[in-house]
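Written below as structure tokens is the structure these notes are about.
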Amino acid sequence: MSTFLSGVAVLLSTLALGCSGYVAYEVFTLRQTLNATSTASNTIPTQVPSPTATISPQATISPSPASATTSAISPGQFVQPAFGKKAEVELLSAKRIKDPETGNRDVVNLQMRIRRLATDGVVGGDIISVASTTARNPDTSVTYKGVALNRSTGTVSLFQVRPQASADAYIWLRVPDGINNLDIFVPDTAAFKNVPISF
């Protein structure tokens with residue numbers, strides 16, 4: 000019986016020694032992996048910023064002048080009288096966007112500011128129907144209309160705007176991709192000619 004027990008003890012000791020050796024090997028391997036990772040993380044940040052620092056400014060600087068000179072609307076660039084001299088309409092932006100329903104880039108989001116100038120003489124019928132705004136291709140004279148009634152502010156009543164105050168409005172116009180300038184016609188407002196579309 001004692002021989003059997005000593006044999007079992009020797010077997011268990013051998014297994015324990017083997018397991019501890021395996022664990023020691025795994026800990027050593029894990030430590031080397033962690034050392035390699037920390038070394039890589041310490042060296043990568045010093046190498047990455049230098050190419051980024053040289054490439055990033057070029058990427059941001061080169062497109063900006065082109066878009067600024069060809070397609071941006073400057074403040075006060077497109078202002079026209081409305082209802083005679085009772086109000087004025089200023090175009091804030093005409094930006095091409097993607098139609099969320101179709102995924103096509105055939106929509107122009109036109110934003111405007113309607114400012115009441117007159118202190119008196121404004122009646123309830125002095126309403127600018129923003130939803131009826133249209134655009135025209137200055138080269139082909141093709142006319143473009145709004146996407147839908149729910150894609151515009153609708154109407155702006157001058158009677159409800161205080162003198163010298165303004166109301167912002169917008170409309171989505173269906174304009175085929177590839178057209179970069181438009182003539183804009185807001186109801187009861189003088190026409191806006193050759194308005195650039197930004198992207």
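Numbering (numbering that gives the first Met the number 0), first residue to last: 0 to 198. Glycine included, every Cβ here is placed at the ideal spot set by N, Cα and C.
#### Entry: Cβ-based neighbour list, I54, same chain, cut-off 6 Å, excluding 5 preceding and 5 following
In the sequence shown, counting from the first residue as 1, residue 54 sits at position 55. For I54, the predicted structure reports a pLDDT of 31, less than 50, and the residue's modelled location is therefore unreliable. A value from the coordinates is still provided. There are no such residues.
### Task
Can you grab the Cα-Cα spacing for the pair A86 / Q110, in whole Å?
Taking the sequence shown and counting its residues from 1, the one referred to as residue 86 is at position 87. Taking the sequence shown and counting its residues from 1, the one referred to as residue 110 is at position 111. Using only the alpha carbons, I get a separation of about 17 Å.
### Straight-line Cα distance separating W171 from V185
Position 186 of the sequence shown holds residue 185. Position 172 of the sequence shown holds residue 171. Rounded to the nearest angstrom, the two C-alpha atoms are 13 Å apart.
### Task
Identify which residue in V122, V160, S151 and T2 has its Cα closest to the Cα of S128.
Taking the first residue of the sequence shown as position 1, residue 128 is located at position 129. Taking the Cα of S128 as reference, the smallest distance to any Cα among V122, V160, S151 and T2 is reached at S151.
### Query
Between the C-alpha atoms of I126 and G177, what's the straight-line distance to the nearest angstrom?
Numbered from its first residue, the sequence shown carries residue 126 at position 127. Numbered from its first residue, the sequence shown carries residue 177 at position 178. So the two alpha carbons sit approximately 33 Å from each other.
### Query
Taking the beta strand (DSSP E) that D192 falls in, what are its first and last residues?
Position 193 of the sequence shown, counted from the first residue, corresponds to residue 192. Per the sequence shown, the amino acid found at residue 192 is Lys instead of Asp. Run containing K192: F191 to P195, per the beta strand (DSSP E) assignment.
### Query
Cβ atoms of P195 and N180: under 7 Å apart, would you say?
Numbered from its first residue, the sequence shown carries residue 180 at position 181. Numbered from its first residue, the sequence shown carries residue 195 at position 196. Yes.
#### Entry: Own chain residues within Cβ distance below 6 Å of T133, not counting five before or after
What you label residue 133 is simply residue 134 of the sequence shown in a count that begins at 1. Excluding sequence neighbours, T133 sits near T142, K144 and F184.
### Task
Give, in chain order, every unbroken run of the beta strand (DSSP E) that is at least 3 residues long and sits entirely within the stretch 131 to 178.
Secondary structure within the stretch 131 to 178: the beta strand (DSSP E) runs of 3 or more consecutive residues, fully enclosed, are 133 to 135, 154 to 156 and 165 to 173 (chain order).
### Residue from L157, I96, A93 and L148 whose Cα sits closest to the Cα of D119
Residue mapping note: residue 119 aligns to position 120 of the sequence shown, counting from 1. Distance check between D119 and each of L157, I96, A93 and L148 places L157 closest, using alpha-carbon atoms only.
### Three-state class that DSSP yields for T101 in the structure shown
As a working note, residue 101 is residue 102 in the sequence shown. T101 carries a coil assignment under DSSP once its states are collapsed to helix, strand and coil.
### Task
Just mark F77 as buried or exposed, buried being the case when its beta carbon has 16 or more other beta carbons within 10 Å.
As a position in the sequence shown, residue 77 is number 78, starting the count at 1. Buried.
### Message
Please state whether the Cβ-Cβ distance between D105 and P137 is less than 7 Å.
### Response
Reading the sequence shown from its first residue, position 106 is the one you call residue 105. Reading the sequence shown from its first residue, position 138 is the one you call residue 137. If you check the CB distance, D105 and P137 do not come in under 7 Å.
### Message
Considering only the alpha carbon of each residue, which of S197, K97, T154 and S165 lies closest to R173?
### Response
Stepping through the sequence shown from its first residue, residue 173 is reached at position 174. Of all alpha-carbon atoms in S197, K97, T154 and S165, the one lying nearest the alpha-carbon of R173 is that of K97.
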